[in-house]
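These protein sequence lines are chains A and B, in that order. Under my numbering, the first residue of the first sequence carries the number 149, and numbering increases by one thereafter. Under my numbering, the first residue of the second sequence carries the number 149, and numbering increases by one thereafter.
2 protein chains.
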Amino acid sequence: MKTKIKAQTLKGFRDFLPPEMAVRNYVKNILIETFETFGFLPLETPVLEYASTLTGKNGAEIEKLMYIFKDNGDREVGLRYDLTIPVSKVLAIYQNEIQLPFKRYQIQPVYRAEKPQKGRYREFTQCDIDVFGPPSPINEAELVAIIYSALTKLGFKQFTVRLNSRAILSQILSQSGLEDQKNTVLQSIDKLDKIGQDGVKDELISKGIKPAQIDQIFDYIKSAQPDEYLQQVIDLITQFGVPKEFYSFDPTLVRGLDYYTGTILETSVEEPKVGSIGGGGRYDNLIATLGGPDLPAVGYSFGLDRIVDVIQELNLIPDAIKTKTKILVVNFGAETQKENIDLITKLRQQEIPSIIYPTAEKLGKQIKYAESLNIKYVAFIGSNEAKNNQIMLKNIETTDQKLVDFAELIKILKNN
Amino acid sequence: MKTKIKAQTLKGFRDFLPPEMAVRNYVKNILIETFETFGFLPLETPVLEYASTLTGKNGAEIEKLMYIFKDNGDREVGLRYDLTIPVSKVLAIYQNEIQLPFKRYQIQPVYRAEKPQKGRYREFTQCDIDVFGPPSPINEAELVAIIYSALTKLGFKQFTVRLNSRAILSQILSQSGLEDQKNTVLQSIDKLDKIGQDGVKDELISKGIKPAQIDQIFDYIKSAQPDEYLQQVIDLITQFGVPKEFYSFDPTLVRGLDYYTGTILETSVEEPKVGSIGGGGRYDNLIATLGGPDLPAVGYSFGLDRIVDVIQELNLIPDAIKTKTKILVVNFGAETQKENIDLITKLRQQEIPSIIYPTAEKLGKQIKYAESLNIKYVAFIGSNEAKNNQIMLKNIETTDQKLVDFAELIKILKNN
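Pasting the structure below:
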């Protein structure tokens, strides 16, 4: 107890108070429920890994964005940067214990030493689903079915899952004689949404690509059609119950990461303008490159923070999730304390989330407290109620008040 | 994609594969459900804090056990060491937004740069509940009711919550003229369980306490009775529905931490010998000392890892939690793929967790896969079944096999 603490949270990091936690848990639980309905199994990995594990696949650019330091044993360690590297490590270490196809979900915070800005944090939560095992268009189609199922349950009315294939893009670049500059060209095309066709053209020219070649690429891309594999994926999506208005083929979709080898997909909403709310793709060579077994893989990552932003902005949050606590039992002090503690104990045995005010205070103060926590009911057994074995129940919203017995109370609380 | 990753997990850290995650989630969900039934609200704080925040209350000894480093902005930061310091910070920053009494639960991993050993990890999960606000014996009694409720739901048949009060211990030491050496004497008495009365005596002698004084302390402690506040707590615990065999007054209970001011409590089981599975107490001065508002507090911390160890050791894990996935739909390839995808899509619309094998393989291979994941049923629509609008259902455990329609299938799966 030497000095006072510095009451300050690091920039880019957030404290989640109960009202925000309620929304985050609501979203997280719907995602988990959906992942499990589709047979994905949970996995968690440590926050710290050997720095060499984290930086394996990345260049120096990305290393700068990692939290890397020496621990007390002089080991170079770093904070989890994404969930793909850790699962690759798991597949490498436990390959004899893991049955294929391996469908895992992982919901954990990741860390980026980036400059914090609106909607960008140094600590944020990724919700990843991946399937490891032989490629099958069923895997991709199920990813889209999961996106549809989860977002619909969350109340989304509009969203689009755009689909493309790196195989198609690669072929176009080969045809244009740009095989060797594939990644740098794709990085520019990836900005089409943000800087438009002219912007992309300028950037490609500055990278030394000839204007005629650029025009040709654009022509090829715009007339591109799904290849056989992607067409199978698209046909299957409908079979998995996703209405056609929620997904489309978009030959201009690129996705940022280098490691994709086939199908790529990204989900966006028109309102609010938050950009992508999730994305993924097929990466058939990455696990082996990372030291794991030679395993094809396809996955998708939901951005928890983005989804929370959207449902807050669009008022999609059901009132009922604001608090789990259904009722406050009033504390009038010694005279009727036993009756009121009996009442709350019986409520809890019926699994009704409930609180008793811990000290005897004026009724108005206790009601105000319940109101501030969005609790809908207060109940009490005063000396009169105690004599008649009754409970006074007050609905805080309507201010209605009536005498009930325990069975009636339970019925009202279970229906509200 | 420069080098291969080092497929190695740091010592003292753990990867949790799906079977372990199933058990951890089962325990975590029962704790959350119980906390919410008692009206506790969720809170989360960042993994990184200013090092000065973390080390505020602690001596140099404990700083050595912290992961502290400089981030890219040259700030001294550290990994969360416990959940008490972060909530104190939250109370200091958000004191105008938080309604008192504030009942919060927080379930997050914490980090200790300790030598890893059996049952001791560098990353482990604490599940803390605390009440901030005016002291009331109701708060302490509810903590014991929560412990009883959670452990009973988890299938514990035997456990003891031992209770004592630092106020009683302080009074005894004052009577013995040891007011000034309070903490050092308590640290020795705390070892009574491990080293016995002779061991404690030797240690106290080495600390310069006179043998006569030591004997007097033991006499006082053994004849100690609950003070008025603790007696109220004990009386209330019964009212909150906890049977008497699960808690007791133990005047020799000390608890390690310096900051407790009143009631202290600790839960232990006789089998297996894991020592304490949780503990807590009242700390009425800590929040102010840490720079927060002047707020009395009482709390309890469940050790998730210890509880998981106990229920694994005692075989208290229900079979049903081993997998959420209820059924595997067999993939026979193109001929009946549409029917089988329709089937699984309808199952998922009924929220039955289910998987379809992503590629066409021999039936035996697909059944073996389902078995390895503890999935109880496989179903398929072959070309004969398709003609008759039927589904072949096989129970993997009993090897029973029968033709059913969709309604029957749902009925069987919902009841199993």
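The beta-carbon is built from N, C-alpha and C at its ideal position, and this holds for glycine as well.
7 Å Cβ cutoff, residue i in contact with chain A
i, result
"residue 193(B)", "yes"
"residue 240(B)", "yes"
"residue 491(B)", "no"
"residue 151(B)", "Residue confidence is low: residue 151(B) scores 49 on pLDDT, short of 50, so the model does not pin down where it sits. Its coordinate-derived value is still stated next. Yes, residue 151(B) lies at the interface with chain A (some Cβ there is under 7 Å from its Cβ)."
"residue 472(B)", "yes"
"residue 520(B)", "yes"
"residue 272(B)", "no"
"residue 196(B)", "yes"
Pairwise C-alpha distance: residue j and residue i
i, j, result
"residue 377(A)", "residue 507(B)", "14 Å"
"residue 450(B)", "residue 183(B)", "11 Å"
"residue 459(A)", "residue 176(A)", "13 Å"
"residue 550(B)", "residue 194(A)", "45 Å"
"residue 260(B)", "residue 214(B)", "6 Å"
"residue 553(A)", "residue 381(B)", "28 Å"
"residue 437(B)", "residue 231(B)", "16 Å"
"residue 524(B)", "residue 534(B)", "23 Å"
"residue 426(B)", "residue 404(A)", "46 Å"
"residue 282(B)", "residue 452(B)", "29 Å"
"residue 385(B)", "residue 420(B)", "26 Å"
"residue 481(B)", "residue 430(A)", "22 Å"
"residue 200(A)", "residue 197(B)", "24 Å"
"residue 415(B)", "residue 469(B)", "26 Å"
"residue 485(B)", "residue 390(A)", "17 Å"
"residue 500(A)", "residue 515(A)", "18 Å"
"residue 275(B)", "residue 166(A)", "16 Å"
Sequence-distant residues of its chain with Cβ nearer than 7 Å to residue i (five each side left out)
i, result
"residue 306(A)", "417 and 418"
"residue 394(A)", "296, 307, 308 and 309"
"residue 589(B)", "Since the displayed chain B opens at 149 and closes at 564, residue 589(B) lies outside it and no answer follows."
"residue 347(A)", "339"
"residue 151(B)", "Because the pLDDT of residue 151(B) is 49, which lies under 50, any placement of that residue in the model is unreliable, and the question is left without a value."
"residue 286(A)", "384"
"residue 521(A)", "471 and 473"
Cβ of residue i within 7 Å of any chain B Cβ
i, result
"residue 169(A)", "yes"
"residue 282(A)", "yes"
"residue 187(A)", "yes"
"residue 324(A)", "no"
"residue 533(A)", "no"
"residue 286(A)", "yes"
"residue 147(A)", "Only positions 149 to 564 of chain A appear in this structure, which leaves residue 147(A) out of reach."
"residue 347(A)", "no"
"residue 452(A)", "no"
Own chain residues within Cβ distance below 8 Å of residue i, not counting five before or after
i, result
"residue 321(A)", "327, 329, 330, 333, 334 and 365"
"residue 178(A)", "298, 301 and 302"
"residue 537(B)", "553"
"residue 270(A)", "158, 159, 160, 161, 259, 260, 261, 262 and 264"
"residue 149(B)", "Note on residue 149(B): pLDDT 42, under 50, position unreliable in the model; no value is reported."
"residue 433(A)", "407 and 409"
"residue 488(B)", "477, 478, 479, 480, 504, 528 and 529"
Cβ pair residue i, residue j closer than 7 Å
i, j, result
"residue 309(B)", "residue 294(B)", "no"
"residue 279(A)", "residue 249(A)", "yes"
"residue 163(B)", "residue 238(A)", "yes"
"residue 517(A)", "residue 479(A)", "no"
"residue 410(A)", "residue 315(A)", "yes"
"residue 440(B)", "residue 236(B)", "yes"
"residue 511(B)", "residue 502(B)", "no"
6 Å Cβ shell around residue i - same chain, five flanking residues per side excluded
i, result
"residue 311(B)", "397 and 413"
"residue 359(B)", "none"
"residue 352(B)", "336 and 362"
"residue 191(A)", "252 and 254"
"residue 455(A)", "175 and 425"
"residue 240(A)", "439 and 440"
Residue i: CB within 6 Å of a non-hydrogen atom of the ligand FAD
i, result
"residue 487(A)", "The ligand content of the structure shown is nil, which means the ligand FAD is not present either."
Margin query: Residues of the stretch 358 to 388 of chain A in Cβ contact with chain B at a cutoff of 8 Å, in chain order, please.
Written below: Flagged, chain order: 384, 387 and 388.
Next item on the list: Pull out every residue of the stretch 298 to 318 of chain A whose Cβ sits closer than 8 Å to any Cβ of chain B, in chain order.
Entry: None of the residues of the stretch 298 to 318 of chain A has a beta carbon lying less than 8 Å from any beta carbon of chain B.
Item checked: Chain-ordered residues of the stretch 220 to 246 of chain B with a beta carbon less than 9 Å from chain A -> Answer set for the stretch 220 to 246 of chain B: 220, 221, 223, 225, 227, 233, 234, 236, 237, 238, 239, 240, 241, 242, 245 and 246.
Notebook entry, point to check: Taking any Cβ of chain A, which residues in the stretch 501 to 531 of chain B have a Cβ under 7 Å from it, in chain order?
Noted result: Cβ contacts with chain A: 501, 502, 503, 504, 506, 507, 517, 520 and 521.
Next item on the list: Would you list, in chain order, the members of the stretch 152 to 166 of chain A that have their beta-carbon closer than 7 Å to a beta-carbon of chain B?
Entry: Within the stretch 152 to 166 of chain A, the qualifying residues are 152, 153, 154, 155, 156, 157, 158, 161, 162, 163, 164, 165 and 166.
Check: What are the residues of the stretch 439 to 469 of chain B that lie near chain A, defined by any Cβ-Cβ distance shorter than 9 Å?
Finding: Cβ contacts with chain A: 439 and 440.
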